[in-house]
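Since the structure comes first, as structure tokens, the remarks are kept for the end.
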Amino acid sequence: MCRLTTYLLRQIGAVFVFTLVALCLIFVIVNLIENLDDFLDTGTPAAVIAEYYVIFLPEMLKYLAPVATLLACLFGIGRLTQRHEITAMKAAGVGLPQLGAPIFGAAVLLSCAQLLLNGWIVPRATERKLAIERRYLQRSLQSRILFNIAFRDSPSLIVLLHRYEPDEYRAYGVAVEEFTADTYSPRWKRRMEAEEMVWDSATGRWHLFRVLERTYGDTVQTVTIAETTLVLRLTHQTILRLQRTPAEMTLPELRHYIATLSTGGQDVRPLQVNYYSEYALPFAHLIVALLSVPLAAVYRRAGLAAQFGTAAVLAFTYMVLTRISQTLGAVTPFPPPIAGWLTNGVFLIAGGVILWRTRT
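In the numbering used here, the protein residues as written are 36 to 395.
Set out below in structure tokens:
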């Protein structure tokens, strides 16, 4: 059985490596043709272009590796089926679940590696990739200055910033609104308006300048203050996290980013669905293995054409269901964790049924 396991993994592994390398080369060539004029127009050094595609590689693997697994299982097992080797193995008493076990085990290992790649390596590579695009391709240009920030510092305290300049640790057009603890009909308790607010990293406090403070009670009391300090949960680092795109964040950073936006009262359902989808996507390796191994193990005269068509149908169906589930999670009360994992669940059930029906 050990020799059989080694033989199967070697056959499928060779197809997987060849397919993945071929897909990455095609992707690089197409992308280079698209961007070459821009690189030449901006005088981008060859070393930077080489670095760009090296750091682009993790993002390519994120999307192309599951496709390579699908094609490797279909073509690898399909080739063995056409040569009647699968039939001989079955005649020797080795059922399809036993044949597929090492492949499924390898798919689980690939899924774990893909999770590490997608959740931690890809964001760091994307951060550097976007930096090159901003400098040399004039793409994704993002000003360092942030506008119109709203942050709920606590259930009864809201901080509003008209403009924030991270390089100077300084905010302009600041309003701090404190409300009463009445859940059903909260009222203003205090409102502070400051022309400027500066972050002090040594003390972890905000310094407010030229402040107009209104206190609301039976009457409204107004006080003008030249300078005061304020301790908030909102920090300079919190605002910097708001500046980055989700694609540049590791999974722990994305979770913290979602929590920050949720605290600020923003709608985070699309981000939550995306967060859970990032955990679900790597396990596409296992899903496609469960589906493709039993399908490829059935002899078909159509050969490679049918296998390629099967791969296209499976990939298209997976993408469509993923998009539908993400939309449901983003715009309906559908729970985001279920929306993120729904497609994997459907395909897992389908793969289990197909494997059971073709187990002999």
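All residues carry an ideal CB built from backbone N, CA and C; glycine is no exception.
Pull up the DSSP beta-bridge partners for residue i, would you.
i: Trp241; result: Trp234 and Leu265
i: Tyr199; result: Leu181 and Ala206
i: Arg397; result: Because residue 397 is not part of the residues shown, which for the chain are 36 to 395, the question remains open.
i: Ile193; result: Arg187 and Glu212
I need the DSSP call for residue i, collapsed to helix, strand or coil.
i: Thr215; result: coil
i: Ala49; result: helix
i: Phe186; result: strand
i: Met227; result: strand
i: Arg118; result: coil
i: Arg279; result: coil
i: Val303; result: coil
i: Val129; result: coil
i: Val328; result: helix
Within 10 angstroms of the Cβ of residue i, are there 16 or more other Cβ atoms? Answer buried if so, exposed if not.
i: Cys147; result: exposed
i: Phe186; result: buried
i: Tyr310; result: buried
i: Val348; result: exposed
i: Tyr219; result: exposed
i: Trp223; result: exposed
i: Ala123; result: exposed
i: Gly364; result: buried
i: Trp234; result: buried
i: Ala126; result: exposed
i: Ile68; result: exposed
i: Thr54; result: buried
Worksheet item: Using 8 Å as the Cβ pair cut-off and three pairs as the minimum, do the stretch 309-317 and the stretch 233-241 touch?
Response: no
Worksheet item: Between the stretch 180-195 and the stretch 89-97, are three or more C-beta pairs nearer than 8 Å?
Response: no
Worksheet item: How about the stretch 46-59 and the stretch 100-116: do they share at least three Cβ pairs that are nearer than 8 Å?
Response: yes
Discussion item. Counting beta carbon pairs with one atom in the stretch 247-262 and one in the stretch 221-234, are three or more of them shorter than 8 Å?
Written reply: yes
Worksheet item: Can we say the stretch 376-386 touches the stretch 353-360, given the rule of at least three CB pairs closer than 8 Å?
Response: yes
Worksheet item: Where in the stretch 41-119 do unbroken runs of the beta strand (DSSP E), each at least 3 residues long, occur, reported from the N-terminal end onward?
Response: none
Item to complete: Examine the Cβ distances between the stretch 284-301 and the stretch 73-84 and report whether three or more of them are shorter than 8 Å.
Response: no
Worksheet item: With a cut-off of 8 Å, do at least 3 Cβ pairs link the stretch 138-153 to the stretch 319-326?
Response: yes
Item to complete: Spell out a yes or no on whether the stretch 327-334 and the stretch 284-297 are touching, meaning 3 or more CB-CB pairs, one atom from each, closer than 8 Å.
Response: no
Discussion item. Any contact between the stretch 267-284 and the stretch 190-210? By contact I mean 3 or more CB pairs, one from each, below 8 Å.
Written reply: yes
Worksheet item: Can we say the stretch 129-136 touches the stretch 379-394, given the rule of at least three CB pairs closer than 8 Å?
Response: yes
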